[in-house]
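Asker:
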Amino acid sequence: MKKQQEVSIKEYKTNPLQPIRVVELEETDSTNRVAKELAAEGAPEGTLVVAKRQSGGRGRLGRSFFSPEGGIYMSMVLRPAILAEKAILITSCAAVAVARAIESICKESAGIKWVNDIFIKNKKVCGILAEGELLPGTDRFSYVVLGIGINVKRQAVPEELKGIVGCLEEYIDHTILNEELITAVWREFFSFYDTLSTAVYMEEYKARSVLLGKEVTVYTADGEYKAVVTDIDKEGRLGIKRGDTEEYLCSGEISVRL
Ligand code: BTN
-2 MKKQQEVSIK
8 EYKTNPLQPI
18 RVVELEETDS
28 TNRVAKELAA
38 EGAPEGTLVV
48 AKRQSGGRGR
58 LGRSFFSPEG
68 GIYMSMVLRP
78 AILAEKAILI
88 TSCAAVAVAR
98 AIESICKESA
108 GIKWVNDIFI
118 KNKKVCGILA
128 EGELLPGTDR
138 FSYVVLGIGI
148 NVKRQAVPEE
158 LKGIVGCLEE
168 YIDHTILNEE
178 LITAVWREFF
188 SFYDTLSTAV
198 YMEEYKARSV
208 LLGKEVTVYT
218 ADGEYKAVVT
228 DIDKEGRLGI
238 KRGDTEEYLC
248 SGEISVRL
């Protein structure tokens, strides 16, 4: 396959227990697509696909993810032992890991916008997309591909997006070494991964939330409405108050805007 002839493969050490096998690509349509293909062929947990740019980067809810050169685009093959219904914990855990990794190189604090966007100073600097394949006849995954896109270089962002899309370069006064940041993300992620279902990181996820206490517009398949965000629970669901009614939303087909 052409994609595999192009790769260079090396190992990053994220912690003493978890070296990561890295497949580096100059360009691909989507690292999630490539990682899913590798996972379906039997690639082990810890296989990471990284590309310098993507021509068809994918976001949540069928959206695209603008992926010019100068960002970090990567997808990790995972084989989690958790039930499929707990899958949201993977993206919540990844959001905390990315926020921590960014803060380790950047003086600004990193917030999380439910479900999986990382914000610095009201601008999105990172998006996360997990896609899984179920083991036939079970409620467990054969694999999950965890995709993370981080905006790094300012000049890569088109003028019309500069008001809503942030880049790490804006908040850091030294050169960002992508490999250092990538390693930091996975080091943080794997520090939680073995205890994923205990959701110890959810307290931090909630503390980093940029939505708590705010009025938001909730978009569903049936329309949109306004609500106030009251909580994020241990399962990663968003607690909202709509009039006198309180309810918890699962990420599914829902999106939320401030
Ligand atoms: C979102 O903001 O809705 C999620 C964006 C996820 C983008 C990343 S970039 C690496 C990986 N490959 C993709 O095609 N998507 C994810």
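Read in our numbering, the sequence shown has 56 at position 59, and its numbers run on one by one without any break.
For each residue, glycine too, the CB sits at the ideal point set by N, CA and C.
1. Would you kindly work out how many angstroms separate the C-alpha atoms of residue 103 and residue 168, rounded to a whole number?
2. With DSSP collapsed to three states, give me the class of residue 169.
3. Does the count of Cβ pairs from the region 234 to 248 and the region 142 to 161 closer than 8 Å reach three?
4. Are residue 50 and residue 65 close, meaning C-beta to C-beta below 9 Å?
5. DSSP three-state label for residue 57, please.
6. Any contact of the region 66 to 81 with the region 97 to 113, i.e. 3+ C-beta pairs under 8 Å?
7. Distance, Cα to Cα, residue 211 vs residue 225?
8. Quick one: measure Cβ to Cβ for residue 198 and residue 90, integer angstroms, because I've assumed they're closer than 8 Å.
9. In the DSSP output, which residue or residues are listed as bridge partners for residue 207?
10. Answer yes or no: do residue 248 and residue 88 have a C-beta to C-beta separation smaller than 9 Å?
11. Could you tell me if the beta carbon of residue 22 falls within a distance shorter than 8 Å of some heavy atom in the ligand BTN?
12. Buried or exposed: which applies to residue 114, given that a residue is buried once 16 or more other Cβ atoms fall within 10 Å of its Cβ?
13. May I ask whether a heavy atom of the ligand BTN can be found less than 8 Å away from the beta carbon of residue 29?
14. Would you mind stating whether residue 183 and residue 69 have Cβ atoms separated by less than 9 Å?
15. Tell me whether residue 155 is buried or exposed, calling it buried when 16 or more other Cβ atoms sit within 10 Å of its Cβ.
16. Just the Cα atoms here: how many angstroms apart are residue 300 and residue 201?
17. How long is the line joining the alpha carbons of residue 26 and residue 126, rounded to whole angstroms?
18. DSSP on residue 83, reduced to helix/strand/coil?
19. Might you give, ordered along the chain, the residues of its own chain that have their beta carbon closer than 8 Å to the beta carbon of residue 12, omitting 5 neighbours on each side?
20. Between residue 173 and residue 47, is the Cβ-Cβ spacing less than 9 Å?
21. On the premise that residue 163 lies in contact with residue 120, defined as a C-beta separation below 8 Å, what is that separation, rounded to the nearest angstrom?
22. Using the Cβ count rule (16 or more neighbours within 10 Å means buried), how would you classify residue 60?
23. Could you tell me the distance, in whole angstroms, from the CA atom of residue 233 to the CA atom of residue 44?
24. Quick check: what's the CA-CA separation for residue 58 versus residue 20?
25. Can we count residue 262 as close to the ligand BTN, meaning its CB is less than 8 Å from some heavy atom?
26. Please look up how many angstroms separate the CB atoms of residue 253 and residue 209, rounded, as I've assumed it's under 8 Å.
Answerer: On the basis of the data shown:
1. In the sequence shown, the residue the question calls residue 103 occupies position 106. In the sequence shown, the residue the question calls residue 168 occupies position 171. Cα to Cα, residue 103 sits roughly 6 Å from residue 168.
2. Translated into positions along the sequence shown, residue 169 becomes position 172. DSSP places residue 169 in coil when its eight states are reduced to three.
3. no
4. On the sequence shown, residue 50 is found 53 positions in, with the first residue counted as 1. On the sequence shown, residue 65 is found 68 positions in, with the first residue counted as 1. In contact: residue 50 and residue 65 (Cβ atoms closer than 9 Å).
5. Position 60 of the sequence shown, counting from 1, holds the residue named residue 57. Helix.
6. no
7. On the sequence shown, residue 211 is found 214 positions in, with the first residue counted as 1. On the sequence shown, residue 225 is found 228 positions in, with the first residue counted as 1. Approximately 6 Å between the Cα atoms of the pair.
8. Within the sequence shown, numbered from 1, the residue matching residue 198 stands at position 201. Within the sequence shown, numbered from 1, the residue matching residue 90 stands at position 93. Yes, residue 198 and residue 90 are in contact; Cβ-Cβ is about 5 Å, under 8 Å.
9. In the sequence shown, the residue the question calls residue 207 occupies position 210. None, per the DSSP bridge assignment.
10. Your numbering for residue 248 matches position 251 in the sequence shown. Your numbering for residue 88 matches position 91 in the sequence shown. Closer than 9 Å, so yes.
11. In the sequence shown, counting from the first residue as 1, residue 22 sits at position 25. The answer is no for residue 22.
12. Position 117 of the sequence shown holds residue 114. Buried, since its Cβ has 16 or more Cβ neighbours within 10 Å.
13. In the sequence shown, the residue the question calls residue 29 occupies position 32. It does: the Cβ of residue 29 is within 8 Å (strictly closer) of some heavy atom of the ligand BTN.
14. Here residue 183 refers to the residue found at position 186 when the sequence shown is read from its first residue. Here residue 69 refers to the residue found at position 72 when the sequence shown is read from its first residue. Not closer than 9 Å, so no.
15. Position 158 of the sequence shown holds residue 155. Looking at its Cβ environment, which holds fewer than 16 other Cβ atoms inside 10 Å, residue 155 is exposed.
16. Residue 300 falls outside the range modelled here, since the chain spans only -2 to 255, and no answer is possible.
17. Here residue 26 corresponds to residue number 29 of the sequence shown, with the count starting at 1. Here residue 126 corresponds to residue number 129 of the sequence shown, with the count starting at 1. Spanning the two alpha carbons is a distance of roughly 15 Å.
18. Start at 1 with the first residue of the sequence shown, and residue 83 comes out as number 86. In the structure shown, residue 83 sits in a helix (DSSP, three-state: H, G or I).
19. In the sequence shown, residue 12 corresponds to position 15, counting from 1. Excluding sequence neighbours, residue 12 sits near 184, 187 and 188.
20. As a position in the sequence shown, residue 173 is number 176, starting the count at 1. As a position in the sequence shown, residue 47 is number 50, starting the count at 1. Their beta carbons are not under 9 Å apart, which means residue 173 does not touch residue 47 by this criterion.
21. Stepping through the sequence shown from its first residue, residue 120 is reached at position 123. Stepping through the sequence shown from its first residue, residue 163 is reached at position 166. About 3 Å separates the two Cβ atoms, so the contact holds.
22. In the sequence shown, residue 60 corresponds to position 63, counting from 1. So residue 60 counts as exposed.
23. In the sequence shown, residue 233 corresponds to position 236, counting from 1. In the sequence shown, residue 44 corresponds to position 47, counting from 1. Straight-line Cα distance between these residues: approximately 26 Å.
24. Translated into the one-based positions of the sequence shown, residue 58 becomes position 61. Translated into the one-based positions of the sequence shown, residue 20 becomes position 23. Cα to Cα, the separation comes out at about 27 Å.
25. Past the boundaries of the shown model lies residue 262; the chain is included only from -2 to 255, so the question cannot be answered.
26. In the sequence shown, counting from the first residue as 1, residue 253 sits at position 256. In the sequence shown, counting from the first residue as 1, residue 209 sits at position 212. 12 Å between Cβ atoms; not a contact.
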